[in-house]
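Below: one structure, written as structure tokens.
Residue numbers (my numbering): 10 to 199.
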């Protein structure tokens, strides 16, 4: 793979292309944007100014979208995507949006087929870590549910105690209310 070695040499010499004056101003992001100013020295490719993007820095066509080992990257997010992959020509990359349950399934299938993965070093360790994380989350959810139930039960007991206290007070209060009404009636008659 001479082209891969050549690409490696090219990329070692390639400068970091940044927006003009991004090193001077914090609000200007470093990502590349073409200079468009009328008097821009960078646009005019003046001698001591930063380099701009040029087709001369491009990789050779036969290795353009390959990873450093020379395999074609294939983005995967379902088990169907793994069905027709070539082990010696392609390398798998699991999408970042894939959830833990599906990720575990994909990793087991990848291990069975003997495929290589770019974004995970050890598939077995990754599966164990994902399962442990899942168990931890499940336990946390169960404890939170238990706490909620115990709080509800405590609230219900307090409510019952309040209601019982009200019922006890009601008999005494009824007598007081009757006496107050009698006094009002007597006071009204006078």
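Even for Gly, the Cβ is constructed at its ideal location relative to N, Cα and C.
Euclidean distance between Cα positions of residue i and residue j
i           : j           : result
residue 185 : residue 164 : 31 Å
residue 3   : residue 127 : For residue 3 there is no data in the structure shown, the boundaries of the chain being 10 and 199.
residue 73  : residue 130 : 24 Å
residue 46  : residue 52  : 7 Å
residue 167 : residue 183 : 24 Å
residue 159 : residue 140 : 29 Å
residue 97  : residue 54  : 44 Å
residue 1   : residue 161 : As displayed, the chain neither begins before 10 nor continues past 199, which places residue 1 out of reach and without an answer.
residue 180 : residue 171 : 15 Å
residue 44  : residue 64  : 16 Å
residue 75  : residue 113 : 26 Å
residue 157 : residue 144 : 20 Å
8 Å contact criterion, which residue i and residue j should meet: CB distance rounded
i           : j           : result
residue 94  : residue 83  : 6 Å
residue 136 : residue 116 : 5 Å
residue 125 : residue 80  : 7 Å
residue 71  : residue 132 : Going by Cβ atoms, the distance from residue 71 to residue 132 rounds to 30 Å, so no, they are not a contact pair.
Per-residue burial, residue i [other beta carbons within 10 Å of its own, 16 or more giving buried]
i           : result
residue 29  : buried
residue 62  : exposed
residue 103 : buried
Test item: CB-CB of residue i and residue j under 8 Å
i          : j           : result
residue 92 : residue 142 : no
residue 16 : residue 68  : yes
residue 27 : residue 59  : yes
residue 66 : residue 111 : no
residue 49 : residue 39  : no
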